[in-house]
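Read in order, the letters of the sequence shown are residues 1 to 101 in the UniProt record's numbering. Don't be surprised by glycine CBs; every beta carbon is placed ideally from N, CA and C. Presented below is the structure to which this report refers.
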Amino acid sequence: MLELQELKTFVERHDNFEIRVISHAGNRFYQVELEDVEGQRHVIGRRGKPVLFRSLDDVYLELKRADIHRAYLVHHVANDEVVGREAHYHQPLTSRTPLVF
Numbered sequence: 001m002l003e004l005q006e007l008k009t010f011v012e013r014h015d016n017f018e019i020r021v022i023s024h025a026g027n028r029f030y031q032v033e034l035e036d037v038e039g040q041r042h043v044i045g046r047r048g049k050p051v052l053f054r055s056l057d058d059v060y061l062e063l064k065r066a067d068i069h070r071a072y073l074v075h076h077v078a079n080d081e082v083v084g085r086e087a088h089y090h091q092p093l094t095s096r097t098p099l100v101f
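Encoded structure:
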């Protein structure tokens, strides 16, 4: 897990990473995930717990504070994992919608 206040420092020190905004099916919450150059995924959290944003506007605001200006929106469908398929957001870029702000 990467703390929200550490995100800006990470961005300043690294230039090869991907930010994903995960939309969970069935609710209106968004979770932010960072994948680094080694392929490790880090959920963005606060006080050791994942942060769930109530709107994309809230996500944009936090990412802008960290000097991030692009991310990918991915729709997570829980049924994928139930039937034994890997989560949808782990697929190639064709399963993602670019966000630029």
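9 Å Cβ cutoff met for residue i and residue j
i    : j   : result
V74  : V21 : yes
V100 : E62 : no
L34  : R28 : no
L7   : V43 : no
L4   : R70 : no
L56  : Y30 : yes
Endpoints, the beta strand (DSSP E) within which residue i is located
i   : result
R65 : Looking at the DSSP string, R65 is not in any beta strand (DSSP E); the run it does join, the alpha helix (DSSP H), is L56 to R65.
Q31 : Y30 to E35
Exposure label - residue i; buried when at least 16 CB within 10 Å
i   : result
T9  : exposed
V59 : buried
V37 : exposed
S23 : buried
V51 : buried
Unbroken alpha helix (DSSP H) run spanning residue i, endpoints
i   : result
V11 : L4 to R13
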